[in-house]
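Novice: Take this structure, written in structure tokens, and hold onto it; I'll ask about it next.
2 protein chains.
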Amino acid sequence: MEDKGISKTEVFRQLKEFKKKDMTHRSGKILGSMCTCPHPVGLRAYQMFLESNLGDPGLFKGTKAMEDEVITLLGDLLGKQDIHGHIITGGTEANIMAMRAARNSAKLENPGIKDPEIIVPKSAHFSFKKAADMLCLNIMEAKLDSNYKVDVNSIEEMLSKNTVAVVAVAGTTELGKVDPVEDISNICLENNIYLHVDAAFGGYSIPFLTEIGYEFPKFDFKLKGVCSITIDPHKMGLAPIPTGGILFREKKYLDAMSIETPYLTEDRQSTIVGTRTGASTAATWALMKYLGREGYKKVSNQCMEITKLLYEGIIESGFEMVTEPQLNIVAFKSKDISVDELARRLENLGWAVSKSSYPRAIRVIVMPHIKEKHVKAFIEDLKSLNL
Amino acid sequence: MEDKGISKTEVFRQLKEFKKKDMTHRSGKILGSMCTCPHPVGLRAYQMFLESNLGDPGLFKGTKAMEDEVITLLGDLLGKQDIHGHIITGGTEANIMAMRAARNSAKLENPGIKDPEIIVPKSAHFSFKKAADMLCLNIMEAKLDSNYKVDVNSIEEMLSKNTVAVVAVAGTTELGKVDPVEDISNICLENNIYLHVDAAFGGYSIPFLTEIGYEFPKFDFKLKGVCSITIDPHKMGLAPIPTGGILFREKKYLDAMSIETPYLTEDRQSTIVGTRTGASTAATWALMKYLGREGYKKVSNQCMEITKLLYEGIIESGFEMVTEPQLNIVAFKSKDISVDELARRLENLGWAVSKSSYPRAIRVIVMPHIKEKHVKAFIEDLKSLNL
Chain A
36 MEDKGISKTE VFRQLKEFKK KDMTHRSGKI LGSMCTCPHP VGLRAYQMFL
86 ESNLGDPGLF KGTKAMEDEV ITLLGDLLGK QDIHGHIITG GTEANIMAMR
136 AARNSAKLEN PGIKDPEIIV PKSAHFSFKK AADMLCLNIM EAKLDSNYKV
186 DVNSIEEMLS KNTVAVVAVA GTTELGKVDP VEDISNICLE NNIYLHVDAA
236 FGGYSIPFLT EIGYEFPKFD FKLKGVCSIT IDPHKMGLAP IPTGGILFRE
286 KKYLDAMSIE TPYLTEDRQS TIVGTRTGAS TAATWALMKY LGREGYKKVS
336 NQCMEITKLL YEGIIESGFE MVTEPQLNIV AFKSKDISVD ELARRLENLG
386 WAVSKSSYPR AIRVIVMPHI KEKHVKAFIE DLKSLNL
Chain B
36 MEDKGISKTE VFRQLKEFKK KDMTHRSGKI LGSMCTCPHP VGLRAYQMFL
86 ESNLGDPGLF KGTKAMEDEV ITLLGDLLGK QDIHGHIITG GTEANIMAMR
136 AARNSAKLEN PGIKDPEIIV PKSAHFSFKK AADMLCLNIM EAKLDSNYKV
186 DVNSIEEMLS KNTVAVVAVA GTTELGKVDP VEDISNICLE NNIYLHVDAA
236 FGGYSIPFLT EIGYEFPKFD FKLKGVCSIT IDPHKMGLAP IPTGGILFRE
286 KKYLDAMSIE TPYLTEDRQS TIVGTRTGAS TAATWALMKY LGREGYKKVS
336 NQCMEITKLL YEGIIESGFE MVTEPQLNIV AFKSKDISVD ELARRLENLG
386 WAVSKSSYPR AIRVIVMPHI KEKHVKAFIE DLKSLNL
């Protein structure tokens, strides 16, 4: 039977039906995601560069120039202008690249390493488990302190001749905590060990909140031990998916994992993805230029203000915080019913909440699409549960 | 100093300046890329779903339903409707996923494997070198025959107790050749070894060209030994970047590499990328529905017709083919000057050609953006070189 396709009208009618089944960020009902409504300026820039492929940068010299500029801007934001990196698909690709750079660099320095190990906080994102499986690394989980930040002593105890990388987190996925990176940086410097900071979530807010007066520990390239940082424009940077960022202190880390590309307009490639959209770079560039630091300050400050509202409302409704929020993530539970049961009841009321695994709690990420009215409605619903 | 950002007008003026420095597919000057102008229907579908994240599919149930449907459509195209897979970033992520599935499955069956090996044709894409480095696999390159297809005997000689995967290619990156997959499938079945077919380039054209009457060897799931296939919608499928596809014969291959995802709306994740745009799925779905098999037949047939024109024109201009084209890739050289020098002269005339590494040649991929008028102009320029 011939398949001549269906009409354009019918294709888009069916697409709209599919879309109706998707939730929207704009509804304010997505409480458990680190993604958000992309900013219109980022969206338009993204759409302008949908044809561009940074996997073949000789063909797209304008996009490549933009990528170079945006990497410098991100480096500047994170304490070191003279930096090397790429705009990639997101935090997972960034974290895997960092672990690969660390492993390959350690093997270059010390070819005797047989069973390379990485030490990550128990709070680290699951992409490090993925990286460990992919890259044949043993993964050691360092303990957390009572505030769910990594226990530096636990890291120190785990160090061995096989350690190829230590990971610290600036804005943990589940609770938004910032690890004591300065102490870890000193330990890594003393022991000549690669330190990667996963700031996928916090990278686009900690620097701005610090300028406003919030207090955070140091976490970026100003600390000499930090070798690489993950920072995700598609989280608090307001860019569309897929837009991640990976920055390295030295070019040698990119070189340590570059693969020869015989037929392309660049000679070697260090990203995991090969053909790589330039649209993500354009969105990141446009948003940094348009919003400027002042614009991003407003965005992160507003998220913190709404976080406070939510925090107070949850306590007032009789629920328990599992920890004090440090960034725009609130985690709480009920004295009376389990986290699973609480999640179920909230889902029945239309809220897409997420559950943290350690500690078990309901986790709300106050992304820029969560407005005051959504928080108020959520608190009303919490109260209506009569717990 | 306060950075208040720049105006929207100024942002887009600067973006346009960057864009002017990029080449366009529409110009017909990009002769060495496997990407092309995305089809307008795919672009519009892509733009409709820019907010959707298949890394958290419980929030985007419409997009998830579309992905399930599109995987079945791709499976149907490649000989097996009942198939498992994902729409991902491109051929590299697909090939790495396949090698990871193969390695992990082999280790589950035989935990004694110490130094896992993969056997790939010398003509395989460089993503397999990337996969080997990442996944700690030894990579063995099987020889090619005089037509630059893999030599099946060479594969057989390389098999060992450490072999965890064999790779065959349906549409090699440099020359567009289709390996004798049926023989390789039989060998892999006999030896109980995982066979992956990289049809990133050929997957969206060989099935259509076969229906028109072109002759190709079997290469898909109809061959019982084939465990997985890479097929790239952002190449001959006309979708925007990033849009790749990976299909597995059995779900166990996805399971063998799945990682627990503690806080998301799915429990486990097998893709490399975590947060994953649903826009690519929407574009793939829309194009398959809109164009139908008849539409794709026209696209691939037209590319082959123009390939013939180019082939004849190159011979007429006194250049040498290094091999007969099997798909829409033409590779040639000059008797008088080196490939590098020929590439330089063509670049001076504005053509972005690519050079194949084995054999050394100028390589032109006749993607859908290359029209008859571009080929005629190129032939004129070849003649004007007076070689």
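Listed in order, the protein sequences are those of chains A and B. For the first sequence, the residue numbers in our numbering are 36 to 422. For the second sequence, the residue numbers in our numbering are 36 to 422. Here a beta-carbon is modelled for each residue, glycine too, at the ideal position from N, C-alpha and C. Because the structure is a prediction, the values reported are computed rather than measured.
#1: Looking only at DSSP bridge pairs, what is Gly-385(B) linked to?
#2: Listing by chain order, which chain A residues have their CB less than 7 angstroms from the CB of Arg-328(B)?
#3: Using beta carbons (cut-off 7 angstroms, strictly below), is Asp-111(A) in contact with chain B?
#4: When the Cα of Glu-382(A) is compared with those of Glu-192(A), Lys-64(A), Ser-305(A), Ala-203(A), which residue comes out closest?
#5: Name the DSSP beta bridge partners of Leu-230(A), please?
#6: Answer yes or no: does any C-beta atom of chain A fall closer than 7 angstroms to that of Gly-309(B)?
#7: For Thr-44(B) versus Pro-277(B), is the C-beta distance shorter than 7 angstroms?
#8: Going by DSSP, which residues form a beta bridge with Lys-55(A)?
#9: Identify which residue in Asn-182(B), Lys-178(B), Lys-196(B), Asn-197(B) has its Cα closest to the Cα of Asn-188(B).
#10: What does a CB cutoff of less than 6 angstroms around Leu-108(B) pick up in its chain, not counting 5 residues either side in sequence?
#11: On a Cα-Cα basis, can you pick out the residue from Ala-378(B), Pro-394(B), Ser-392(B), His-409(B) that is closest to Leu-420(B)?
#12: With three or more beta-carbon pairs closer than 8 angstroms as the criterion, would you say the region 107 to 122 of chain A touches the region 167 to 176 of chain A?
#13: Can you tell me the Cα-Cα spacing of Gly-40(A) and Ser-68(B), whole angstroms?
#14: At 3 residues or longer, what runs of the beta strand (DSSP E) sit wholly inside the region 123 to 170 of chain B?
#15: Report, in whole angstroms, the separation of the C-beta atoms of Ala-200(B) and Ala-129(B), which I expect to be a contact under 8 angstroms.
#16: Please report the straight-line C-alpha distance between Val-155(A) and Ala-321(B), rounded to a whole angstrom.
#17: Closest to Asp-371(A) by CA distance: which of Glu-37(A), Val-410(A), Gly-385(A), Ser-352(A) is it?
#18: Look up Arg-303(B) in the DSSP assignment and give the residues it is bridged to.
#19: Going by DSSP in three states, Leu-78(B) sits in which element: helix, strand or coil?
#20: Between Gln-116(B) and Leu-230(B), what straight-line distance do the alpha-carbon atoms span, to the nearest angstrom?
#21: So, is the C-beta of Pro-277(B) closer than 7 angstroms to a C-beta in chain A?
#22: Leaving aside the five residues before and after Val-334(A) along the sequence, list all residues of the same chain whose C-beta is less than 6 angstroms from its C-beta, in chain order.
#23: Output, in sequence order along the chain, the residues in the region 203 to 231 of chain B whose CB is closer than 8 angstroms to any CB in chain A.
#24: Between Met-101(B) and chain A, is there a C-beta pair that is closer than 7 angstroms?
#25: Given Asp-91(B), which residues of its chain have a CB within under 8 angstroms of its CB, disregarding the five upstream and five downstream residues?
#26: Establish whether the CB of Ser-293(B) and some CB of chain A are separated by less than 7 angstroms.
#27: Would a check of beta-carbon distances place Asn-88(A) closer than 7 angstroms to chain B?
#28: In the DSSP assignment, find the unbroken beta strand (DSSP E) run with Lys-39(B) in it and report its ends.
#29: Does Met-169(A) have its Cβ less than 7 angstroms from a Cβ in chain B?
#30: Using a 10 Å radius around the Cβ and a threshold of 16 neighbouring Cβ atoms, would you call Ile-350(A) buried or exposed?
#31: So if I threshold CB-CB distances at 8 angstroms, which residues from the region 117 to 145 of chain A count as touching chain B?
#32: By the three-class DSSP mapping on this structure, what secondary structure does Gly-279(B) have?
#33: If we cut at 7 angstroms on Cβ distances, does Ser-335(B) have a partner in chain A?
#34: Strictly by DSSP, which residues pair up with Phe-413(B)?
#35: Output the distance between the C-alpha atoms of Phe-354(B) and Tyr-249(B), rounded to the nearest integer angstrom.
#36: For Lys-370(B), which of helix, strand or coil comes out of DSSP?
Specialist: By the coordinates alone:
#1: On the second sequence, residue 385(B) is found 350 positions in, with the first residue counted as 1. For Gly-385(B), DSSP records no beta bridge to any residue.
#2: Position 293 of the second sequence, counting from 1, holds the residue named residue 328(B). For the C-beta of Arg-328(B), the chain A residues within less than 7 angstroms are, from N- to C-terminus, Asp-38.
#3: Counted from its first residue, the first sequence places residue 111(A) at position 76. Residue contact check for Asp-111(A) against chain B: no CB pair falls below 7 angstroms.
#4: Walking along the first sequence from the start, residue 382(A) turns up at place 347. For Glu-382(A), the nearest C-alpha among the options comes from Lys-64(A).
#5: In the first sequence, residue 230(A) corresponds to position 195, counting from 1. In the DSSP output, where bridge partners are listed per residue, Leu-230(A) has Val-201(A), Val-261(A).
#6: Taking the second sequence and counting its residues from 1, the one referred to as residue 309(B) is at position 274. So, interface residue.
#7: As a first step, residue 44(B) is located in the second sequence; it is residue number 9 there, counting from the start. As a first step, residue 277(B) is located in the second sequence; it is residue number 242 there, counting from the start. Taking 7 angstroms as the Cβ cut-off, Thr-44(B) and Pro-277(B) do not qualify as a contacting pair.
#8: Against the first sequence, residue 55(A) aligns to sequence position 20. In DSSP, Lys-55(A) forms no bridge with anything.
#9: Looking up residue 188(B) in the second sequence gives position 153. Among Asn-182(B), Lys-178(B), Lys-196(B), Asn-197(B), the Cα nearest to that of Asn-188(B) is on Lys-178(B).
#10: Within the second sequence, residue 108(B) is the residue found at index 73, counting from 1. Excluding positions up to five away in sequence, the list reads Met-323.
#11: Working through the second sequence from its first residue, we reach residue 420(B) at position 385. Considering only Ala-378(B), Pro-394(B), Ser-392(B), His-409(B), the residue with the shortest C-alpha distance to Leu-420(B) is Ala-378(B).
#12: No, because fewer than three Cβ pairs between the region 107 to 122 of chain A and the region 167 to 176 of chain A fall closer than 8 angstroms, the two stretches do not touch.
#13: If you number the first sequence from 1, residue 40(A) lands on position 5. If you number the second sequence from 1, residue 68(B) lands on position 33. Distance between the alpha carbons of Gly-40(A) and Ser-68(B) is about 27 angstroms.
#14: The region 123 to 170 of chain B contains these whole beta strand (DSSP E) runs: 152 to 156.
#15: To locate residue 200(B), count along the second sequence from 1; it is residue 165. To locate residue 129(B), count along the second sequence from 1; it is residue 94. With a contact defined as Cβ atoms closer than 8 angstroms, Ala-200(B) and Ala-129(B) miss out at about 13 angstroms.
#16: Residue mapping note: residue 155(A) aligns to position 120 of the first sequence, counting from 1. Residue mapping note: residue 321(B) aligns to position 286 of the second sequence, counting from 1. Here the alpha carbon of Val-155(A) sits roughly 42 angstroms from the alpha carbon of Ala-321(B).
#17: The sequence position of residue 371(A) within the first sequence is 336, counting from 1. For Asp-371(A), the nearest C-alpha among the options comes from Ser-352(A).
#18: Here residue 303(B) refers to the residue found at position 268 when the second sequence is read from its first residue. DSSP, once it has assigned bridges, lists Glu-295(B) as partnering Arg-303(B).
#19: Within the second sequence, the letter at position 43 stands for residue 78(B). Judged by DSSP in its simplified three-state form, Leu-78(B) adopts helix.
#20: In the second sequence, the residue the question calls residue 116(B) occupies position 81. In the second sequence, the residue the question calls residue 230(B) occupies position 195. One alpha carbon belongs to Gln-116(B), the other to Leu-230(B), and they sit about 19 angstroms apart.
#21: Taking the second sequence and counting its residues from 1, the one referred to as residue 277(B) is at position 242. Yes, contact with chain A.
#22: In the first sequence, the residue the question calls residue 334(A) occupies position 299. Pro-403.
#23: Those would be Thr-208, Glu-209, in chain order.
#24: Locating residue 101(B) in the second sequence gives position 66, counting from the first residue. Judged by the 7 angstroms Cβ criterion, Met-101(B) is in contact with chain A.
#25: The residue given as residue 91(B) occupies position 56 in the second sequence. Listed in chain order, the non-local C-beta contacts of Asp-91(B) below 8 angstroms within the same chain comprise Leu-299, Thr-300, Glu-301, Thr-310, local neighbours out to five positions each way being set aside.
#26: The residue given as residue 293(B) occupies position 258 in the second sequence. Using a CB distance cut-off of 7 angstroms, Ser-293(B) does not count as an interface residue toward chain A.
#27: Indexing the first sequence from 1 puts residue 88(A) at position 53. Chain B, which has a Cβ nearer than 7 angstroms to the Cβ of Asn-88(A), makes this yes.
#28: Here residue 39(B) refers to the residue found at position 4 when the second sequence is read from its first residue. Note, Lys-39(B): premise wrong, no beta strand (DSSP E); not H, not E.
#29: Stepping through the first sequence from its first residue, residue 169(A) is reached at position 134. Taking Cβ atoms only, chain B reaches closer than 7 angstroms to Met-169(A), which makes this a yes.
#30: The residue labelled residue 350(A) in the question sits at position 315 within the first sequence. Exposed: under 16 other Cβ atoms inside 10 Å.
#31: From the region 117 to 145 of chain A, only Thr-124, Gly-125, Gly-126, Thr-127, Glu-128, Ile-131, Arg-135, Asn-139 have a Cβ closer than 8 angstroms to chain B.
#32: Position 244 of the second sequence holds residue 279(B). In this structure, Gly-279(B) counts as strand in the three-state DSSP scheme.
#33: One-based indexing of the second sequence puts residue 335(B) at position 300. Judged by the 7 angstroms Cβ criterion, Ser-335(B) is not in contact with chain A.
#34: Counted from its first residue, the second sequence places residue 413(B) at position 378. Bridge partners of Phe-413(B): none, in fact.
#35: Counted from its first residue, the second sequence places residue 354(B) at position 319. Counted from its first residue, the second sequence places residue 249(B) at position 214. For Phe-354(B) and Tyr-249(B), the distance between alpha carbons rounds to 26 angstroms.
#36: Numbered from 1 along the second sequence, position 335 holds the residue referred to as residue 370(B). For Lys-370(B), the three-state secondary structure derived from DSSP is coil.
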